[in-house]
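Student: Those letters in the sequence shown? Residues 2 to 349, per the numbering used here, in order.
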Amino acid sequence: MNDSGTLEEAYGRLHRTGPEFDGWLSNHGPMAVESMVRHGYGREVHRWLDTYVGRLDELPRGISPIGAEDWREALGDPNRLGDWLTYFDRELREQPWRAVLETWWPRLLPGIAAGATHGVIRTGHAIHALLRQQDERRLAELGQALGYWAARWQAIAGFDAPSGTAEPERAFAGVPRVPDQSKGINHRLEQLAGISGWGSALAALEPAADAEQARAHLTRLADAATLRYVTHAHGNPVMLVHTATAPTAVLRALPALPADVWGASLNAAWAAGAAVTAAYAPAEPAPRRDLPAVPGSAEEVFELAVRHGDEHVIKLADTALDVYHRTDDPDALAAVVRAATLIRPFFS
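(1) Pop quiz: Leu1 and Leu219 are said to be a contact at Cβ under 8 Å. What is the actual Cβ separation, rounded to whole angstroms?
(2) Report all residues from its chain with a CB closer than 6 Å to the CB of Gly112; omit the five preceding and five following residues, and keep chain order.
(3) In chain order, what are the residue ranges of uninterrupted beta strand (DSSP E) at least 3 long that sit wholly in the region 258–338?
(4) Given that a residue counts as buried once 16 or more other Cβ atoms are within 10 Å of its Cβ, and exposed if not, what is Ala69?
(5) Kindly give me the distance between the Cβ atoms of Val231 and Leu193, rounded to whole angstroms, as I take these residues to be in contact under 8 Å.
(6) Quick check: what's the CA-CA separation for Glu304 versus Ser65?
(7) To the nearest angstrom, how far is the alpha carbon of Val295 from that of Pro208?
(8) So, for Leu50: in the same chain, excluding its five sequence neighbours on each side, which residues have a beta-carbon less than 8 Å away from its beta-carbon?
(9) My understanding is that Asp59 touches Arg138, with C-beta atoms under 8 Å, so please give their C-beta distance in whole angstroms.
(10) Have a look at the DSSP bridge pairing and note the partners of Gln155.
(11) Mapping DSSP to helix, strand and coil, what is Leu76?
(12) Expressed to the nearest angstrom, what Euclidean distance is found between the alpha-carbon atoms of Glu168 and Leu147?
(13) For the region 323–333 and the region 223–238, state whether three or more C-beta atom pairs, one from each stretch, are separated by less than 8 Å.
(14) Reducing DSSP to helix, strand and coil, say where Glu21 ends up.
(15) Among Tyr53, Asp323, Pro180, which one has its Cα closest to the Cα of Tyr281?
(16) Just mark Phe160 as buried or exposed, buried being the case when its beta carbon has 16 or more other beta carbons within 10 Å.
(17) Are Val46 and Met37 touching if we call contact CB-CB under 8 Å?
(18) May I ask you to report which of helix, strand or coil DSSP gives Ala234?
(19) Give me, in chain order, the residues of the same chain whose beta-carbon lies closer than 6 Å to that of Tyr42; leave out the 5 immediate sequence neighbours on both sides.
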């Protein structure tokens, strides 16, 4: 069986399940299997799914069809998840997928916090798969991803275009922490509007002058978040993965998007990374002496992630390998080892 066929079969199994389970947890299956197949681990996919799908919920049913004129009322309503899945399934059957994306990406982008950023992350993985090959199941996966994003659409307080001079590394360092870190992400994000310095921290990033600069800034944003994970992961090793994987998802979507939305895409990715950082970053970074040794090769790192099995470790490894190939910084590989050390193994 070739890897392409493995991905189609995996999508077929996963599309019988919903984008969430246990009430609000995100179904990471499509993102993890896309990463595994692309990195040459297709032979491991079905064994992994045999365990993973048992925790998932059934595909949700709709309440009332969403039309071209009333979509705004349903945006961000998780009770309409089934309706949104049906809507995008229909849209992608009737129109070219790039046309659907051109219409909906700008509408969804301000709500990039959707599902703790999993809406945009799943969409980025789906686009990445479609850019390599277009078929019915990959189109269906894009529809599921967009539907999930629309249903969980959530804006970030203070979301606006940055206007500062800071590079991503310094901009992340200037993000304040939410005062009450006792509950989940929604409670934490609700505090952003009242944090002193949050607005100025969001504005601090240097804006992009054009589309190519937006791509370059977005690349550096993903790099900085991945490298920062090594020393800050102990704040919350699962949630802080998304500071790196959300910008990466946006970066991978750019080739399918009109250049005139690249700047807004950078701004939204920065807001998402900053929001998750504010919500979960630790008070102090870990001392270098407490950090894991750097592994021998990038290939060894992804194998480690697949052996570990946790979906977040797999997704981080997928991003970290991109970062390592761009930067040659061994901390990109160490980030995966750090995640595998702090996050409970999937097959334990």
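A virtual CB, placed ideally from N, CA and C, is assigned to each residue, including glycine.
Tutor: Taking the geometry as given:
(1) Outside the displayed span of the chain (2 to 349) sits residue 1, for which this structure offers no information.
(2) For the purposes of this step, residue 112 is taken as the residue at position 111 of the sequence shown. Excluding sequence neighbours, Gly112 sits near Trp154, Gln155, Ala156.
(3) For the beta strand (DSSP E) assignment, the region 258–338 encloses no uninterrupted run of at least 3 residues.
(4) For this step, residue 69 is matched to residue 68 along the sequence shown. Exposed, because fewer than 16 other Cβ atoms sit within 10 Å of the Cβ of Ala69.
(5) Here residue 231 refers to the residue found at position 230 of the sequence shown. Here residue 193 refers to the residue found at position 192 of the sequence shown. Approximately 25 Å separates the beta-carbon atoms of Val231 and Leu193; this is outside 8 Å, ruling out the contact.
(6) For this step, residue 304 is matched to residue 303 along the sequence shown. For this step, residue 65 is matched to residue 64 along the sequence shown. For Glu304 and Ser65, the distance between alpha carbons rounds to 45 Å.
(7) The count along the sequence shown starts at 1 and reaches residue 295 at position 294. The count along the sequence shown starts at 1 and reaches residue 208 at position 207. Each residue's Cα considered, the two are about 33 Å apart.
(8) By one-based count along the sequence shown, residue 50 stands at place 49. Contacts found: Ala11, Arg14, Leu15, Gly30, Val34.
(9) Indexing the sequence shown from 1 puts residue 59 at position 58. Indexing the sequence shown from 1 puts residue 138 at position 137. With the sequence shown as reference, residue 59 is identified as Glu, and Asp is not the correct amino acid for it. Going by Cβ atoms, the distance from Glu59 to Arg138 rounds to 19 Å, so no, they are not a contact pair.
(10) Translated into the one-based positions of the sequence shown, residue 155 becomes position 154. Per DSSP, Ile113.
(11) Position 75 of the sequence shown, counting from 1, holds the residue named residue 76. For Leu76, the three-state secondary structure derived from DSSP is coil.
(12) To locate residue 168, count along the sequence shown from 1; it is residue 167. To locate residue 147, count along the sequence shown from 1; it is residue 146. Approximately 30 Å, taken between the alpha carbons.
(13) Using a C-beta cut-off of 8 Å, the region 323–333 makes contact with the region 223–238, since at least three inter-stretch Cβ pairs fall below that distance.
(14) By one-based count along the sequence shown, residue 21 stands at place 20. Residue state, collapsed to three classes: strand.
(15) Within the sequence shown, residue 281 is the residue found at index 280, counting from 1. Considering only alpha carbons, the answer is Pro180.
(16) Residue numbering aside, residue 160 sits at position 159 when the sequence shown is read from its first letter. If you draw a 10 Å sphere on the C-beta of Phe160, you find 16 or more other C-beta atoms in it, and that means buried.
(17) Within the sequence shown, the letter at position 45 stands for residue 46. Within the sequence shown, the letter at position 36 stands for residue 37. Their beta carbons are under 8 Å apart, which means Val46 touches Met37 by this criterion.
(18) Position 233 of the sequence shown, counted from the first residue, corresponds to residue 234. In the structure shown, Ala234 sits in a helix (DSSP, three-state: H, G or I).
(19) As a first step, residue 42 must be located in the sequence shown, where it is residue number 41. Val307.
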